[in-house]
Amino acid sequence: MMQIFSTSRPDINLTLRTKRFRVEQLPRLTPETRWRTEAMRSYAQPLLLWFTRGQGRITIAGVTHGFGPHHAVFLPSGTMHGYEMLGQVFGTAVFFPRDSSLTLPESPVHFRFREVHQQAELTLLIDNLARELGRELPGHDQALMAHAGLLSVWLQREMTQDNLQELEHDAARRLAAAFTAMVERDYRSGRTIQDYAAHLGVTPTHLTRSCNIACGRSASVILADRIHFEARRLLGETRRPVKDIAQELGFSSPAYFTRAFQKHTGQTPSGFRGQI
641 MMQIFSTSRP DINLTLRTKR FRVEQLPRLT PETRWRTEAM RSYAQPLLLW FTRGQGRITI
701 AGVTHGFGPH HAVFLPSGTM HGYEMLGQVF GTAVFFPRDS SLTLPESPVH FRFREVHQQA
761 ELTLLIDNLA RELGRELPGH DQALMAHAGL LSVWLQREMT QDNLQELEHD AARRLAAAFT
821 AMVERDYRSG RTIQDYAAHL GVTPTHLTRS CNIACGRSAS VILADRIHFE ARRLLGETRR
881 PVKDIAQELG FSSPAYFTRA FQKHTGQTPS GFRGQI
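Using this note's numbering, the letters of the sequence shown correspond one by one to residues 641 to 916.
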């Protein structure tokens, strides 16, 4: 369940673990990369998004919220999300190791930091982690874990402030969240909206209505968005044959996959791959 917060202020292999830290600047919005931010997707690693300038809308677990400057969003691994940037958005994405011993939130959290000292503290913590990632000094792995540990503690402390406010979740939002969790788990299975609705004990019409209320997208758009984000990722990042990608994503034939992909993206799979 998504929470929106408004605040006023040993024996683990470190080398394998810390190599999965990543700090990246959020991309500027361009037509060529729009699908990389807006399409529904998830990551195997926990992710912290720190927005420092600009505004937009972010959809998390089937529920859409607005974001602006000095908002931070934490997403546990496997959380389906996508965000729409209204103009240029600046900030940082921090990927944490999935199997680390860090104490990180277990559900999505949306922070609004209004105090200047909070904004400066978070920026400094992220900068320190990024700086350590860029060099190989003695004790590098331990230093990375120490910086990440300070960041995780800081986030936990901000979650315990007295004036935190939890977002209300109505029935439509709860159903949309349950649907997106199922999609994230089963989008490669070839299941239809009718299959998902039946599993959730509702009609396809009711499921679509609830998704539209929660995030302004129909259930079929959410499902197609997730499938075709993965299709584009596989086409762009691997050289696997189109027929293998179609089979992995649950399509009955390569021809059906090509038609669906072209309808969703305006390009054939091979045409999209040729532009990468």
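Virtual Cβ for every residue (Gly too), placed ideally from N, Cα, C.
Close Cβ partners of residue i (< 6 Å) along its chain, the five nearest in sequence each way excluded
| i | result |
| --- | --- |
| P745 | F714 |
| H868 | H904 |
| T820 | A701, G702, M720 |
| A811 | none |
| V823 | L863, R866 |
Three-state class that DSSP yields for residue i in the structure shown
| i | result |
| --- | --- |
| E772 | helix |
| Y723 | strand |
| T704 | strand |
| R825 | helix |
| I916 | coil |
| T878 | coil |
| V793 | helix |
| V749 | strand |
| T908 | coil |
| T743 | coil |
| L840 | helix |
| R681 | strand |
| E755 | coil |
| L777 | coil |
| S892 | coil |
| D979 | Since the first and last residues shown for the chain are 641 and 916, residue 979 lies out of range. |
For residue i, the residue or residues it bridges with in DSSP
| i | result |
| --- | --- |
| W690 | A712, T732 |
| E664 | A733 |
| R697 | G706, E724 |
Between the CA atoms of residue j and residue i - distance to the nearest angstrom
| i | j | result |
| --- | --- | --- |
| P943 | I700 | A query on residue 943 cannot be resolved here, the shown segment of the chain reaching from 641 to 916 and no further. |
| V882 | A817 | 31 Å |
| S858 | I885 | 25 Å |
| L762 | E664 | 15 Å |
| L804 | F753 | Annotation note: pLDDT 45 at L804 (below 50); position unreliable, no value reported. |
| G706 | I698 | 6 Å |
| L863 | L777 | 45 Å |
| N852 | T845 | 11 Å |
| F691 | R873 | 24 Å |
| G890 | V729 | 35 Å |
| F736 | P686 | 5 Å |
| S910 | H780 | 42 Å |
| Q759 | M799 | 15 Å |
| H839 | R814 | 15 Å |
| T843 | T832 | 12 Å |
| L773 | D767 | 10 Å |
| P894 | E888 | 11 Å |
| T848 | T878 | 33 Å |
| Y836 | S850 | 13 Å |
| Y723 | Y827 | 20 Å |
| L807 | R880 | In this prediction, L807 has a pLDDT of 47, which is less than 50 and means its spatial position is unreliable; what the coordinates show is noted afterwards. Using only the alpha carbons, I get a separation of about 42 Å. |
| Q834 | G906 | 26 Å |
| H757 | G841 | 48 Å |
| G708 | S682 | 21 Å |
Neighbourhood of residue i by C-beta distance below 8 Å, restricted to the same chain and skipping five residues each side
| i | result |
| --- | --- |
| G876 | F912, R913, I916 |
| L769 | F661, V663, V734, L784, H787, A788, L791 |
| A684 | S717, G718, R738 |
| T908 | T898, F901, Q902 |
| W794 | E761, L762, L765 |
| S829 | G890 |
| S892 | G830 |
Identity of the residue in the options nearest residue i by Cα
| i | options | result |
| --- | --- | --- |
| R797 | L815, F751, I766 | F751 |
| M725 | D739, P709, G696 | G696 |
| T704 | E678, S893, V823 | E678 |
| Q710 | L688, M720, A895 | One detail in the question is off: residue 710 reads as His in this sequence, not Gln. When only C-alpha atoms are compared, the closest one is L688. |
| S741 | R771, G722, Q782 | Q782 |
| M680 | S910, S860, P894, S892 | S860 |
| G727 | P894, E888, G694, S892 | G694 |
| E870 | T743, C855, R825, Y836 | R825 |
Cutoff 7 Å; reference residue i; Cβ partners in own chain excluding five residues on either side
| i | result |
| --- | --- |
| T670 | With a pLDDT of 47 at T670, under the threshold of 50, the modelled position of that residue is not reliable, and no figure is offered here. |
| C855 | T699, G702, V703, T704, A816 |
| L666 | V729, F730, G731, T732, A733 |
Residue i: CB within 8 Å of a non-hydrogen atom of the ligand GTP
| i | result |
| --- | --- |
| I885 | With respect to small molecules bound, the structure shown includes none, and the ligand GTP cannot be examined in it. |
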